[in-house]
Structures are given as structure tokens and as C-alpha cells.
Amino acid sequence: MSSESAVTPGWASEEPILEVRNLEKHYVKSTGWLESFFADEKRVRAVDGVSLSIDRGEIFSVVGESGCGKTTLGKTLLRVIEPTEGEIRFKGTDLSSLSSTEMQEMREHVQIVYQDPFEALNPKRTVNGLLRQPMEIHDITSRDEQRERIYRALEDVNLLPVEDYLDRYPEELSGGQLQRVLFARALVLDPEFIVADEPSSMLDASVRARVLDLIDELRNERDISFFIITHDIGAARYLSDRIGVMYLGRIVEMGSADGIVEDPKHPYSKALIESIPSPDPREPLGSSGIGSEVPEPVDLPIGCRFHPRCPAATEHCRRADPEWRSVPSETDDGRMTECHEVEPKQQPPE
Amino acid sequence: MSNERATGSEPTSTAGDASRAGTRRFDRIRGFLHGFLTNRKGLAGTVLLGTIVFISVAAPLIAPYDPEAYGVGPALAPPSVSHLFGTDDLGRDVLSRFLYGGRISLLVGVTSGVVATIAATLIGVPAGYYRGRIGRWITTAIDMSLVFPPFVLVVVFAAYAGSSVWNIILILSLLSWPIPARTIKAKTLSVRENDFVESTEALGASDARIMRQEVLPNILPVVFANGILQMVYTILMEAAVGFLGLGDTARISWGTMLYFAQKQAALSSGGWWWMVLPGFGIALAAFSFILVGSALDEVLNPRLQRRTWGDD
Amino acid sequence: MSKQTHDRARTTEETLLSVRNLSTHYREGEDDVPVRAVDGVDLEIARGETYGLVGESGCGKSTLGLSLIRALPPQGEIIDGEIHLDGREIGQPARSAVKDVQWADISMIYQGAQNAFNPVKTVGEQIREPLRIHDVVPEGERAGHVEELLDKVNLQPDITDQYPHELSGGMKQRAAIAMAIACEPELLIADEPTTALDVIVQAEVLNMLQRLQEELNFGMLVISHNLAAIMKLSDRVGVMYGGELVETAPSEVLYDSPRHPYTARLLRSLIDPRRPPEQVETIEGTPPDLRDPPTGCRFADRCDLATEQCTAEAPSLEAMSERHEAACFHHDEVSEL
Chain H
28 MSSESAVTPG WASEEPILEV RNLEKHYVKS TGWLESFFAD EKRVRAVDGV SLSIDRGEIF
88 SVVGESGCGK TTLGKTLLRV IEPTEGEIRF KGTDLSSLSS TEMQEMREHV QIVYQDPFEA
148 LNPKRTVNGL LRQPMEIHDI TSRDEQRERI YRALEDVNLL PVEDYLDRYP EELSGGQLQR
208 VLFARALVLD PEFIVADEPS SMLDASVRAR VLDLIDELRN ERDISFFIIT HDIGAARYLS
268 DRIGVMYLGR IVEMGSADGI VEDPKHPYSK ALIESIPSPD PREPLGSSGI GSEVPEPVDL
328 PIGCRFHPRC PAATEHCRRA DPEWRSVPSE TDDGRMTECH EVEPKQQPPE
Chain U
6 MSNERATGSE PTSTAGDASR AGTRRFDRIR GFLHGFLTNR KGLAGTVLLG TIVFISVAAP
66 LIAPYDPEAY GVGPALAPPS VSHLFGTDDL GRDVLSRFLY GGRISLLVGV TSGVVATIAA
126 TLIGVPAGYY RGRIGRWITT AIDMSLVFPP FVLVVVFAAY AGSSVWNIIL ILSLLSWPIP
186 ARTIKAKTLS VRENDFVEST EALGASDARI MRQEVLPNIL PVVFANGILQ MVYTILMEAA
246 VGFLGLGDTA RISWGTMLYF AQKQAALSSG GWWWMVLPGF GIALAAFSFI LVGSALDEVL
306 NPRLQRRTWG DD
Chain X
711 MSKQTHDRAR TTEETLLSVR NLSTHYREGE DDVPVRAVDG VDLEIARGET YGLVGESGCG
771 KSTLGLSLIR ALPPQGEIID GEIHLDGREI GQPARSAVKD VQWADISMIY QGAQNAFNPV
831 KTVGEQIREP LRIHDVVPEG ERAGHVEELL DKVNLQPDIT DQYPHELSGG MKQRAAIAMA
891 IACEPELLIA DEPTTALDVI VQAEVLNMLQ RLQEELNFGM LVISHNLAAI MKLSDRVGVM
951 YGGELVETAP SEVLYDSPRH PYTARLLRSL IDPRRPPEQV ETIEGTPPDL RDPPTGCRFA
1011 DRCDLATEQC TAEAPSLEAM SERHEAACFH HDEVSEL
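Chains as they are written, first to last, in this note's numbering: chain H, 28 to 377; chain U, 6 to 317; chain X, 711 to 1047.
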């Protein structure tokens, strides 16, 4: 726990823990050197102007198809990938202005939990070694302190009894167990903010809930805020307070988790939610009503970036960029979206 | 190799204490040794290499004559009971010289192989790890070192700096690091792509720490296998340098034995026995290193990495 | 629900595939204890029927599929059982005989089919391959036939000249389907056809499989861990646990009244985003070690209903109602779980 939050819990919940403005991450698509003489370089706009803020203790999920830039966004938030443009404020500090050494120090407070636990853990280290490493990096060298934090973290992720796991190598653990080791590794530094990339997607249904509940517990007990990247809208709704729907590098709709699923406004959100099969075999298979090919974010269309796939697109959509604006929703969840066809919220009369 | 599988093997024992980590590491080493020695190439290579090392080390005890003593037998005597492999033009016992000669050949080969491998690791790892300008510079340096014709350089260096054993070791080390450095760089590039490297970066680890703790342990198998194969190269190079008379002719090595044999026209004068043993020794040493190296590669880099949950 | 009425009409009682007591083991080395990946499974699929096989990683469902077309990895071996397709025994013959059956009678969409294409051959060449091997279409008409196939899976004919890397994941999956139906097989096995696909593509693939089956009337075995998707697609569903089939029933019956505790728990671990449960369930514990499976019920140590009988003897599949079977001594208590 940071000292501030312990001293002033009252206002702490008011201030966002993380705030980003106009975040952009562009990649230059590599063409041959010969071609680069003759053609303009192609820019892949993986993240193309994202602004959002996450409150302390909030669980925010970003959903979207693969290639929409959600993983890049998550990694850019913590400068694991350097942003091309934009501002990232973590508890008021502008992360993008930190030197690389300062950023390394800052990483004690912000963690990322990778998607594939088989890939994200060094196979040559035991669980104990894996959990001790973050503390060594941040000069927590007292053996007692290390031991205490390792035990607490493993207990929190429910790998019990702890002694059974300490000497194991990753290859000796199952996927679900490794996933929890990944979380424990993030927890030993007592972070305030965690980015979790597809925390449940590699797991079987029977153990998926355990990871989702774990995230919820960590939020409640350790007051950690989460940014969750997922394609599993069911998990996102079950777990999060708010959901952002991402399409081709931009968040196109944002609102409460319940609101987005029950009453999506943006045609893309609608299509996404329509396609999820409900388990009830009597309900017919859903269909998105849109084509399944996601364009690459290289040559973005003029106008709304969704118009080539959009069933509701009009001439206007092909010409003008839609504006990010508040729209009314059934639950009045502070819904924001960018779509010409969704009527904006009426300003309440003065 | 551990036979434990995660599937269904929930931990059962509860007795945990600090010494267990040590035990586990010991288990892994034992598992490796078992795998290595049950590998036919590994076993054959180890036996061969062990024999060569043994006879070289034990040369003073088993050599029938003083290798430097002239006239212990008649000059250029063919193999006989008293001189199993004959004598050379100065009446020295070929077998005794062969046994002693192995010492220099192995010393030069192994030392320069080790030095070159260490250098290759120190240069190859950062070359693969750093993505930007630093990585490109180091890579360019490696590539440029590769284009030097090594043999010409050895000849020139030996001619100028003199051909003491340590000079030969120095020049062989200097010349043989670039190729393994490239291999190590390539392996580093692939290890670097792993999420566990990025996730350690995200924990705030410095580059040096990541190279040391994340990259190095995962490329060690390649480093070892390469180092061993490097010794094949340096042993052959040493022999070649010796054979050309550029080696330290004051000391006996297999290469210099061949040099003198060739110089005194051993073959044309019918003294074939003079060349058989050193030639055989060089080939056998190189062969045994190849066996050990490729066995190491097989045992340390198993192609089938078992996953515990993919599907079925 | 047009799907049910339609399928019921087409699904005849005529048995297409019949698997009896199939056991497939994996063995790493000669002295290794075999992993009993599939252990005595009975299965029947009627012509025109879709049968869904669900279960968690390592339950043996993919091994079962691979056993049917004899495409097991070298460590795997069918050690017992009979497989009949259309009355012909296909379980035991030599591999060469199975080659005749593959593609023409049974074809398979492999798990990760997106990556199953040869990167140096064009998509068209690869789709023509089964046509050429089985010579079902005269050589001159093959190009046209491939175009028809691509049309069936909503792909443009011009992709025949493209290489796999030029296609998106969803397009490759559809091309794999086109290849699988090229020789109009009687049985199509789809192993995890939608895993690793996004929901929009997933919905498209599922709809496509359903439509193609109505058109071509093949029997279909769909293997997946995605219970929601599989219940949508299938007439009947079988649940595998620890190498055994523990319950099988028409999908609606299985959804409404599971009679095996594992099925019940699995259903409650699903999250329907439109009706999220207050608490999603987790099944504590891990699946059994298939090198040394327990003597009794394999689910016993994770089961709330387990009694001494469960650990002592193994339950076998019993009829619950018409076409509904479950292997549990306490099947009456499952509804109270």
C-alpha cells in the first residue's frame, strides 16, 4: 500500500489512478529498403488516440477482436511498449516524461500479467526464484521480508500449502497453477495497478472462474485497480465495473459493464455481443450481421473507421469522422460512443 | 529430465525446507548426466575424450622413453617391440613423443576454445539483446571480424609475434569467436522474444540483469554445445599451425610432430610410422569433441518440449 | 427453432459411425506407463446428425477424434475397440487402407486448422489435393469444383492463387472447411473449429458448419471445450472426463437436466454474458492422472456427491431416459447439487 492511500483514503477514491490522453502507438510497417524509396512508409496505427481514466479500485476491461490493438494499448499504458504520442498519468505522475531509470523504479507500483503463463515464466527458475526476482530488482533484500511477501502472495492466489510450490519449476505445474504464479509474481511488489492480458482465456472453464474471482478479491482486499484485456465478453461483464469496446486502435464505446452488454449503442458493440453464443441450446445461433474480416489499421478509411463493415453506415459516415460524445442509455451509465447514427445526449437545460 | 508431469500430479509432500531447492537442482543435474551418458554419442565421446586426456596427463608415467632424448633407438627405426611405433630421424621414440604431444594440442585447443566461447557469449548476447543501434553496431563488428581470413592472420601473427604456446592460444581465441558469437546472437534473439523476458522488463529489471538472469540460463545449452564444437576447430587449427612450422617448435605437439615428419620427408623415405600416431591423435580428439558436442546438443535442446495443457 | 425441426427431420435412425469400447493409449518409451487417453468409449452417430464432444484439456476428446481417422502421433496406439463407418470396419486395417477412407469418407478439420496449411503451396493447390487423390472429380472440372467449394464457404475464387499467409485466420479456417468437404465425406470431424477465433468469426464458422451440414447431410463430430458453442451446434452432446464418456444426451436435455455431477458443474462454470450469474462455479481439484486412474469413479475426488461406493467401483453408463445416458451412482441427486 502506498502511504498516501493509507493516510487519506477519503479522497483517494476520487482521483483516477491512471489517466491517459490521446495515446497513440504507430508502427512503421517494414517494407524493403528499395520500396521505401518509391513509396511512403506505411504506418500501422495499433493505438490511435485513446483517452480513458481508471479509478482507484476499479476493474476496467477492454474488449475487441484480435488485432484491434487492445494488447498494445495495455502494454503502452505501462510503457512496456513506448507510446508514439500522448500522455499517461499514474497518480498524477506523467509516465511518458520519466527517464528509463525512473520508469524502472516506477514499475514497482504497476504490474502486467501476461496472457500465456507457459511463455511468461522463465523455465529455468523455481517458483521461489521467480517470486524473489521482482524484489531483488527493487532492492527488497531482507530474507525475512522476501519470505513474508512470497508467502502472502502465494496464499492470496491460493497456492496452498505454499511449501509445496516453492521448489517447483514451471514445467511441473498446470496452466491454472502457473496463471496464479504469474499473479503472485505481480503481487510480491504490492502494486497499485495491474494490467492483465487475457487472464482467463487459456484456462478451462472449470478453473476460469477461480482466476476471475481472484482478481475481484485482490481488488477488494489489496485495493488494486485492474485494466483487463480480454476477448471474453462474458468474463468482462462478470468481473468489471466498466467496459471499453475497441476497434482498429480506438475505443468506440465505453460504459458500465452491464450497460454495454445489455444495451450496446455502437453498431460494432452490437455485432460483437450478438455473436456470443448463449449456452441455452434452444436459442438460435447468433449472427453478427457484419463481415468477419477486420481490416488492417494501415490504410484507414476516411470517415468512421467502422463504416466498411457497418450495416447502418450512411453517406455521412463515409465522409466525416464521428465525434466521441455522451449518449443516453437505459441505465444512464455515463455512456460514451463515437457514432453518427447514435443520437447524442441532450444537454440538460441550465 | 524430470519425469514429473503436471497433469493430475498435485503436490503431495508437505515437508518444505531450504535444502530442498538444492536437492532439486541436484536432481536436475543427475537427470542431465543420465540423459547424456545414455546417449550413445555422449558415452562414446566421453570415453574417447577421457582416454585422450588420461594418456596426456599420465604421459610421464606411461611413456616408455624420455620424449626429448635423442638416440634412444636407431634413427627412423620401424615399429618393433622396443619402439612400438618406431623412432624418428633423430632416434626419438614416436610413442613417447605422441603421448607428450597430446598435452600441448589439448591445452591449446581447449584453452582457446574456452576463451573464444566466453568472448562469443559476451559479445553475442548483447548483439542479440539490444534491438536498436547498439545491437546493430555489435552485429556489424561481428560480421566484419568474420571476413578476416583466419589462416592468413595466424601466419602473419605467428611470424611477427613469435610462436610461443600462449601466443598461439591468443591468436586462435581472437580468430575463432565470431562464428559462435553469431550463433549465440541468433539464439539470444529468439530467447528475447519470449514473454518472460518482456515480463521481467516490465518488472523494472535493468538490461544487464535481464541478460544475466533471463537470457543466459536459457542459452547456456547452446553456449556449451558450441564451445565444445569450437574446440574441434581450435584443435585442428593448432595442428595446422604446428604442421606449417608456425607453432612452438621447441615443444612437442601433434601438429609439430607432423611438421618435422613432413620436413624430413618421412613418407618419401618410408618412415610412415612417424606420422600415423599424431595424425590419428588429431582426428580422434576432433572426433570425440564432435561426439560430445552433438550429444550435448541433443540432451540439452530436446526438440519435444512437453506442454502440460494444450489439448490432450 | 428451425434448427431442431429441420435436423430432426433429416437425422435418420441409420447409424453412420459406431465406435465400440475404443481405447487409445500414449506411451513415450517401451518401459513407460501408458497414458490411457481414451479408455473404453462407446459412441454412435447417425447420418446427418451432429454430435458434440466436450471436456477439459486432457480428457481425451481430441485423441478420440484422431483415433477415428488414425492420425495419432507415433506415441499413440489404439489398443482395443471397433470402429465401423457405414457398416465397414475401419478401426483395425493398415494405415494404407485408412488413407482411402480419409477425405473421401471421413475428413477432419484439425485443431488450429489455420496453421495446418503448407506455407509454400497456394490454397487452391491444397484444396485440389484431396480431389486429385480420390479422383472424385475429373481433372478438367477440378478448378470449377474448387470454386464451387469456396463459394460454399463464402470465399472469393481468387484466393486459390494466394498463399496461406495472405489469408486471415478466419479465411484460413473457412478454406480448411472447404478442403474438408471437398470429397463430400460422410463424416466430418471438427476438432476445436472455433478455438482461437474471435466471436464474430466464431459465429460465422458455426453458422457455416450448420448450413453445410443441412446442405450436404454429413454426420458431424464436433470436439470442443467451448460448451456453449457446442450445445448450439449439436443434436446430441457427449461429455468426456478422464478418458471416459460420462454422460451423453440431446443438447437441450443435457442443458436442462444433467445427470452427471461433472456435467452439472461444468454447465455452472459457463458465463452467459446476457445473464451473468452472481457467482460462477469452479470445479476444485484436478483431473485424474491417466497413467494411474483411480479404480472407482474418476470424478469421485472432486465430487460433492461421492460416497464409498464411488471410490470402490466404477459406474458405467446407464440409461436415464430415451437417448440420455449417464455414468453416476448418484444421478438422482445431481439436480439437488
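Where is the CB? At the ideal position from N, CA and C, for every residue including glycine.
| Check | Outcome |
| --- | --- |
| Under 9 Å Cβ-Cβ, which residues of chain U neighbour PRO161 of chain H? | THR205, LEU208, GLY209, ALA210 |
| Taking the beta carbon of ILE67 of chain U as the centre, do at least 16 other beta carbons fall within 10 Å, making it buried, or is it exposed? | exposed |
| I'd like the span of the alpha helix (DSSP H) that includes LEU282 of chain U, first residue to last. | 278 to 305 |
| Taking 8 Å as the limit between beta carbons, can you name the residues of its chain near ALA1022 of chain X, skipping five residues before and five after? | THR1005, GLY1006 |
| Go through its chain and collect everything with a Cβ distance to GLY282 of chain H's Cβ below 6 Å, but skip five positions before and after it. | ASP360, ARG362 |
| Going by DSSP, what residue range makes up the alpha helix (DSSP H) through ILE215 of chain U? | ILE215 of chain U -> no alpha helix (DSSP H), and no H or E assigned at all. |
| In three-state terms, what does DSSP make of HIS875 of chain X? | helix |
| Strictly under 9 Å for the Cβ-Cβ distance: is ALA284 of chain H near chain U by that measure? | no |
| Mind pulling the alpha helix (DSSP H) runs of 4 or more residues that sit fully within the region 834 to 909 of chain X? | 852 to 862, 879 to 890 |
| Grab me the residues of GLU81 of chain H's own chain with a C-beta within less than 7 Å of its C-beta, minus the 5 sequence neighbours each way, in chain order. | At residue 81 of chain H the sequence reads Ile, which differs from the Glu that was named. Excluding sequence neighbours, ILE81 of chain H sits near PRO43, ILE44, LEU45, PHE87, SER252, PHE254. |
| Pop quiz: GLY286 of chain U and GLY107 of chain U are said to be a contact at Cβ under 8 Å. What is the actual Cβ separation, rounded to whole angstroms? | 6 Å |
| Check the Cβ of GLU219 of chain U against every Cβ in chain H and list those closer than 7 Å, keeping chain order. | ASN149 |
| Measure the Cβ-Cβ separation of ALA211 of chain H and ARG235 of chain H and say whether it is below 9 Å. | no |
| Hey, SER777 of chain X and THR734 of chain X are a contact pair by Cβ (cut 8 Å); roughly how many whole angstroms apart? | 5 Å |
| For ASP224 of chain H, does the three-state DSSP call read helix, strand or coil? | strand |
| Which residues of chain H have a Cβ atom closer than 7 Å to the Cβ of MET941 of chain X, listed in chain order? | PRO306, PRO308 |
| Just to confirm my understanding: we take ALA339 of chain H, look at its own chain, exclude 5 residues before and 5 after, and list those with CB closer than 6 Å. What are they? | PRO294, GLU368 |
| Output needed in chain order: residues of the region 258 to 277 of chain H with a Cβ under 9 Å from some Cβ in chain X. | HIS258, ASP259, ILE260, GLY261, ALA262, ALA263, ARG264, TYR265 |
| For the region 102 to 116 of chain H, list every residue whose C-beta sits within 7 Å of some C-beta in chain U, in sequence order. | LEU105, VAL107 |
| Nearest to GLY140 of chain U by CA position, among U:ALA82, U:ILE128, U:MET149, is which residue? | U:ILE128 |
| Does the region 911 to 927 of chain X touch the region 946 to 958 of chain X, meaning 3 or more C-beta pairs lie closer than 8 Å? | no |
| Using beta carbons (cut-off 9 Å, strictly below), is LEU216 of chain H in contact with chain U? | yes |
| Indicate whether at least one CB of chain H lies closer than 9 Å to the CB of GLN821 of chain X. | no |
| Show which residues of chain H have a CB atom less than 8 Å away from the CB atom of ASN917 of chain X. | LEU312, SER314 |
| Please state the DSSP three-state secondary structure of LEU726 of chain X. | strand |
| To the nearest whole angstrom, what separates the beta carbons of TYR265 of chain H and ILE981 of chain X, a pair I think is in contact under 8 Å? | 5 Å |
| Using 10 angstroms around the beta-carbon of PRO197 of chain H, count the other beta-carbons present and answer buried if the total reaches 16, otherwise exposed. | buried |
| Can you give me the start and stop residues for the alpha helix (DSSP H) that ASP243 of chain H sits inside? | 232 to 249 |
| Is the Cβ-Cβ distance between ASP71 of chain U and PHE265 of chain U less than 9 Å? | no |
| For a contact defined as C-beta to C-beta under 9 Å, what are the partners of TYR873 of chain X on chain H? | Chain H residues near TYR873 of chain X: none, gap ~17 Å exceeds 9 Å. |
| Note down, in chain order, every chain A residue with its Cβ under 7 Å from the Cβ of PHE201 of chain U. | The structure shown contains no chain A; its protein chains are H, U and X. |
| In the DSSP assignment, find the beta strand (DSSP E) that holds GLY929 of chain X and state where it starts and stops. | 929 to 934 |
| Taking the alpha helix (DSSP H) that ASP966 of chain X belongs to, which residues open and close that run? | 961 to 966 |
| Would DSSP call ILE270 of chain H helix, strand or coil? | strand |
| Hey, could you find the ends of the beta strand (DSSP E) ARG170 of chain H is sitting in? | Note, ARG170 of chain H: premise wrong, no beta strand (DSSP E); alpha helix (DSSP H) at 170 to 183. |
| Could you tell me whether the region 179 to 199 of chain H touches the region 223 to 240 of chain U, using the rule of 3 or more Cβ pairs below 8 Å? | no |
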